[in-house]
Structure formats: structure tokens, C-alpha cells
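Before any comments, here is the structure.
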Amino acid sequence: DSDNDGILDIVETVDDFDGDKIPNYLDLDSDNDKICDILENLTPGSALPNPKNPTTSTGYVMDSNKDCRLDGSNSDKSINPSDVGANGVVDKIETSTDSGTLLPQLSHPDSDGDKSFDFLDVDSDNDKIPDSTEGTKDSDNDNVI
Numbered sequence: 047d048s049d050n051d052g053i054l055d056i057v058e059t060v061d062d063f064d065g066d067k068i069p070n071y072l073d074l075d076s077d078n079d080k081i082c083d084i085l086e087n088l089t090p091g092s093a094l095p096n097p098k099n100p101t102t103s104t105g106y107v108m109d110s111n112k113d114c115r116l117d118g119s120n121s122d123k124s125i126n127p128s129d130v131g132a133n134g135v136v137d138k139i140e141t142s143t144d145s146g147t148l149l150p151q152l153s154h155p156d157s158d159g160d161k162s163f164d165f166l167d168v169d170s171d172n173d174k175i176p177d178s179t180e181g182t183k184d185s186d187n188d189n190v191i
């Protein structure tokens, strides 16, 4: 996950979906719809578990500083090398450290069933209103969309 957006590079690929000269695996908004890939990668209606208390149903905010990257443990929310396992993936989004298996909430949804992941779909609900017009799916920042 070279850009720390919670989507593995192998899923994002070296393609440049939006033609901005930034390959998807480094692009924080791969479809250029003004919604960070990190938000579009959450399964609709889901919340990420709270890493401090995994038994709670309240999710934690993965991008509290709104830089389109996973929050890290540094004071400025940047990723610290200790946040990342040997496999190059931020540990808190894996089912266990270095498993390579992402939490089920990060399932690369395809909300409208058109065979395009939401982070590569400019109208992810197929309602003929572009996502860039509809805006963020997580208006209250609770990681539930």
C-alpha cells in the first residue's frame, strides 16, 4: 500500500484511471471524484473496529486529519515505521499483523454492481449524479457510509 490509503497496490494497479499522470497505486483519489479512495474503499454501512477496544461497536476515524491517508501513530498522524509490518501494510487494517488479509470492512465495494470498485467509479451508486456532485459518503466522519 504505497500511498497508505488502505488499498493494496496489487488492487490499485499501475494504471492511471483518471488520466492525471499519477498511477492508481500512488493516487489518493484514483477516479478524481473529490472523494478520497480511503473513504470509497469502506464497505457501505460499516465501521472499522476501535483498536483500543475491539469489543466496542464504535469505529475509529482512519483519516482524522483528512489527508486521504491512514492515520499513523506520529503526533501529526503520519505513518510511523512501527505502524507498518514486514509486508509493507499498515498493521491496523489487517486481520492480524503481516497477514496480508485486510479487515472485512475494507472489501473494495462495488456499490452499483457495475464491476468497477467504488474508488474507480465516478458514479458509484449509478444514480446518474456524479460522486463529485454528491460529495463525501461519510458526512459525519464516523467511518460509516
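Sequential numbering from 47 applies to the sequence shown in our numbering. Yeah, the Cβ is synthetic: ideal placement off N, Cα and C, and Gly gets one too. Since we're looking at a predicted model, the values are computed, not measured.
- With a 10 Å radius around the Cβ and a threshold of 16 neighbouring Cβ atoms, Ser76 comes out buried.
- Residue pairing of Leu148 in beta bridges, as defined by DSSP: Glu140.
- When the Cα atoms are used, Leu74 and Ile81 turn out to be separated by approximately 9 Å.
- Going by C-alpha positions, Asn120 is about 16 Å away from Gly131.
- One Cα belongs to Asp47, the other to Ile139, and the distance between them is close to 11 Å.
- Here Val130 carries a strand assignment [DSSP, helix/strand/coil].
- Contact between Asp83 and Val168 fails: their C-beta atoms lie close to 13 Å from each other, not under 8 Å.
- Ranked by Cα distance from Asn87, the first of Glu180, Leu148, Asp160 and Asp173 is Leu148.
- Taking 8 Å as the cut-off, the beta carbon of Asp158 is found no closer than this to the beta carbon of Asp144.
- DSSP places Val168 in no alpha helix (DSSP H); its state is neither H nor E.
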